[in-house]
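Since the structure comes first, as structure tokens, the remarks are kept for the end.
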Amino acid sequence: MPARVVRWWYARSSIGGMQIDVESDDGKRCIFDVDTTTAEQFQLSVGRELSADELARLEQVHTALGFIRRMQRFLAHRLRSSGEVAQRLRTLGATHEHIALALDLLRGNGVINDERFAYAYVRDCVRLGTRSAQAIRRKLVAAGIAPDLADRALTAEYPADLDMQRARSLARKTLRHLRNATPEQRYRRIRDRLVRQGFPPETVRSILREMMDSAEHP
């Protein structure tokens, strides 16, 4: 098997932090993008001879970095979870091995971080949204966040009394559109709306009790 030797390399300011030129004894040459961590692990330098296994690894890294380059706009738009990135890679045609490698590269370079994503997502929902804690948790898990991490983020960032505040606000808003409905219709529609928004049963019951009390003692 012809020897494969690194002929030159240069650094680049990106996740694919190096580009190397590999030439075999029969004169065939290949250029690979390589991240700095892989370059350090392989101790890449001019004149370094590569084994077949090392060359196969460099080819995998090069392909994974190619998929990452195709996602630059997707990654720059907002914080992404590993689950969202994996799904995007699948739509681009990446194999399971290339997805795993691309995720490792992105984590190693700090581009994706599920803990940072989860905490920031909850903060944004508290500041801008109307979702219940359970609805936020479902969204996080659907984005590939581990359930225990979703719970920690909610405990840290979602105020304990916010569900009641949001449920009460949603009930009042719904009630304004039910002026001509019967009491039973109002009760049922508000209950259903709160349930659809992910509020827990005890919160829904508490809001409905408030409504009945207020109807009895206007």
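If you count the sequence shown from 1, you need to add 789 to reach our numbering.
Where a beta carbon is used, it is the ideal one built from N, C-alpha and C, also for glycine.
Take the alpha-carbon of H866 and the one of L895: they are about 15 Å apart.
If you draw a straight line from the Cα of H851 to the Cα of T884, it is about 14 Å long. Remark: C-beta atoms of S871 and L854 do not approach each other more closely than 9 Å. Assigned with DSSP and collapsed to three states, L864 falls in helix.
When the Cα atoms are used, S921 and L959 turn out to be separated by approximately 11 Å. Sequence-distant Cβ neighbours of F906 in its own chain, meaning closer than 6 Å and more than five residues away, are L868 and S870. Apart from sequence neighbours up to five positions away, the residues of its chain that approach R955 with a beta-carbon distance below 7 Å are T919 and S921, ordered along the chain.
Taking a 10 Å sphere around the C-beta of H966, we find fewer than 16 other C-beta atoms and assign the residue as exposed. In terms of CA proximity to M807, L833 leads the group G816, S813, R818 and L833. Residue range R818 to V823 is occupied by the beta strand (DSSP E) that includes R818.
Going by beta carbons, I809 and A828 fall inside the 9 Å limit.
Per DSSP, the continuous beta strand (DSSP E) segment holding I809 begins and ends at M807 to S813. The closest CA to that of Y976, considering only R985, L964, A875 and G987, is found on L964. Contact between E873 and R912 fails: their C-beta atoms lie close to 18 Å from each other, not under 8 Å. The Cβ atoms of R926 and D903 lie no closer than 9 Å to each other. Distances from the alpha-carbon of S813 to those of E838, M1001, L890 and K928 put E838 closest.
Taking every protein chain shown into account, the CB of D824 has 16 or more other CB atoms within 10 angstroms, so this residue is buried. Note on geometry: alpha-carbon atoms of T971 and R978 lie some 11 Å from one another. Separation of R916 and I934 (C-alpha to C-alpha, rounded to the nearest whole angstrom) is 20 Å. For secondary structure counted as the beta strand (DSSP E) over 3 or more consecutive residues, the region 878 to 920 holds no complete run. Rounded to the nearest whole angstrom, the C-alpha separation of Q974 and R859 is 52 Å.
Y908 is not a Cβ neighbour of A932, given a cutoff of 9 Å. Looking at the backbone, the Cα of R998 and that of E991 are separated by about 11 Å.
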